[in-house]
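Anchor point for the sequence shown: position 144 equals 144 in my numbering, and the numbering is continuous, going up by one each time.
The structure under discussion appears below in the form of structure tokens.
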Amino acid sequence: MSLMLIDKLIRFSSRIIFAVIPALRITSLLISFSLIAIIYPNSSYAHVAGNRTQQWINSQENVKIQFTYEPEKPLIDSPTELKFSVQNLQTGQHLKDLFAKVTILNGQTVFKSSNMTVKDGDFSFNSTFPNEGAYQVILRINSNDFAIALASFKIFVPFQPIGTINLNYTTPLILPAIIVGVIGVIVVATFLIIVKRENKKKGS
């Protein structure tokens, strides 16, 4: 009787695995898209706006660079989105086909990027900050032929109590986690029901 139970459980487990695989694939895709949105640079916004926007101007090169970051109060070791907009000072039009390099300092180098391609003047990327305090963001902009700008901006990471989390970072991961949790509960519950039924049959 026990061999029959084991055999049925194996068959049941196989059916569960085949049923769960599509859901797991969907969950994996959701997680991948969430991480891509968090990690990689993008240029999906227009000129940087808001009362926290910092601006750097080089009238000699006819360049204006705007900068801001989100969230307003960065959290230690949590992603902060740095947003840049490189424009023609006179017309306000984006400068195109550029290369950007960013260095972040707080007395020592915290982060140094490789060259990033800037097609339409606007770009952003995520960075983290290991400690509270003031940071300097140095942006170098080049074209194919010559250096265009070397701008400097500031970020302040305030003191924060232990256990503070960045909801902007965790929210995209909540849905995939819920899906995985629900699938796990369904599998375990169904397995226990089958075992209970088999035990009743065995007892009768």
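All C-beta atoms, glycine included, are put in the ideal place defined by N, C-alpha and C.
Glu72 versus Leu150 - alpha carbon distance: One-based indexing of the sequence shown puts residue 72 at position 72. One-based indexing of the sequence shown puts residue 150 at position 150. Approximately 24 Å between the Cα atoms of the pair.
Within the region 91–158, note down every full beta strand (DSSP E) run reaching 3 residues or more, in order along the chain. 98–105, 109–112, 116–118, 122–127, 133–142 and 147–157
So, are the CB atoms of Ile65 and Val86 less than 8 Å apart? Locating residue 65 in the sequence shown gives position 65, where the first residue counts as 1. Locating residue 86 in the sequence shown gives position 86, where the first residue counts as 1. Cβ distance < 8 Å, so Ile65 and Val86 count as in contact.
Can you tell me whether Thr216 is helix, strand or coil according to DSSP? Since the first and last residues shown for the chain are 1 and 204, residue 216 lies out of range.
Separation of Asn126 from Leu35, as counted between CA atoms: By 1-based counting over the sequence shown, the position of residue 35 is 35. By 1-based counting over the sequence shown, the position of residue 126 is 126. Residue confidence is low: Leu35 scores 43 on pLDDT, short of 50, so the model does not pin down where it sits. No coordinate-derived value is stated.
Compute the Euclidean distance between the alpha carbons of Lys101 and Thr190, then round it to the nearest angstrom. Within the sequence shown, residue 101 is the residue found at index 101, counting from 1. Within the sequence shown, residue 190 is the residue found at index 190, counting from 1. For Lys101 and Thr190, the distance between alpha carbons rounds to 54 Å.
Same chain, Cβ closer than 8 Å to Lys291, five either side skipped, listed in chain order: Absent from the model: residue 291. The displayed extent of the chain is 1 to 204, so no value can be given.
Anticipated Cβ contact below 8 Å, Leu139 with Phe84, distance rounded: Reading the sequence shown from its first residue, position 139 is the one you call residue 139. Reading the sequence shown from its first residue, position 84 is the one you call residue 84. Confirmed, about 6 Å.
In this structure, what does DSSP give as the bridge partners for Val86? Taking the first residue of the sequence shown as position 1, residue 86 is located at position 86. Partner(s): Ile65.
By the DSSP assignment, the beta strand (DSSP E) with Gln60 in it spans what residues? Position 60 of the sequence shown, counted from the first residue, corresponds to residue 60. It is not in any beta strand (DSSP E) - Gln60 carries neither H nor E in the DSSP assignment.
Selected residue, minimal CA-CA separation from Phe146, among Asp122, Asn106, Val110 and Asp97: For the purposes of this step, residue 146 is taken as the residue at position 146 of the sequence shown. Checking every option, the nearest Cα to that of Phe146 belongs to Asp97.
Within 10 Å of its beta-carbon, does Ser124 have 16 or more other beta-carbons around it, so buried, or fewer, so exposed? The sequence position of residue 124 within the sequence shown is 124, counting from 1. Burial call: buried.
Between the Cα of Gly92 and the Cα atoms of Val48, Ile186 and Pro74, which residue gives the shortest distance? The residue given as residue 92 occupies position 92 in the sequence shown. The shortest C-alpha separation from Gly92 is found at Val48.
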